[in-house]
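Working notes for the structure below.
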Amino acid sequence: TYRGMPSDERRKRVQAALERVGMSHRMKHFPAQLSGGQQQRVAVARAVAGDPAILLADEPTGNLDSTNGEAVMELLRELHQGGATICMVTHDPRYARHADRSVHLFDGKVVEERQLTAVS
2 TYRGMPSDER RKRVQAALER VGMSHRMKHF PAQLSGGQQQ RVAVARAVAG DPAILLADEP
62 TGNLDSTNGE AVMELLRELH QGGATICMVT HDPRYARHAD RSVHLFDGKV VEERQLTAVS
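Numbered as in this note's numbering, the sequence shown ends at 121 without a single skipped number.
Shown next, in the form of structure tokens:
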């Protein structure tokens, strides 16, 4: 067991997470056999498979096309609706609009902080 979870349960969670990001067909592949975007989607799946209470996401959509980027954002939204706290860094306003709160940094200092109404 890992984290008190039997291996068959872990396998099911991993499979489900990979399906959510469209990567279940690559479950047995090594990272070198995947594109940068595919590696990024697998990283997101790994992060959410453990059902974290807090998720730190640094540019989770950075190497993704718009379709896969929206799929990742939907996955993060569902995780948040389930009670998880998501702290995401992005430079893309399309994905920033999903946030409840926005903090803008410049040269390592907070220059703006806003409470937002997230897009559903």
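Positions of the beta carbon are idealized from the N, C-alpha and C atoms, including for glycine.
| Asked | Found |
| --- | --- |
| Alpha helix (DSSP H) containing R21: first to last residue? | S8 to R21 |
| Would V15 and V45 qualify as a contact pair, given that the criterion is a beta-carbon distance under 8 Å? | no |
| Quick check: the Cα distance between A48 and R11, rounded to an integer number of angstroms? | 13 Å |
| M74 by DSSP, collapsed to three states: which one? | helix |
| Going by beta-carbon coordinates alone, are E60 and T91 separated by less than 8 Å? | yes |
| DSSP state of T86, grouped into three classes? | strand |
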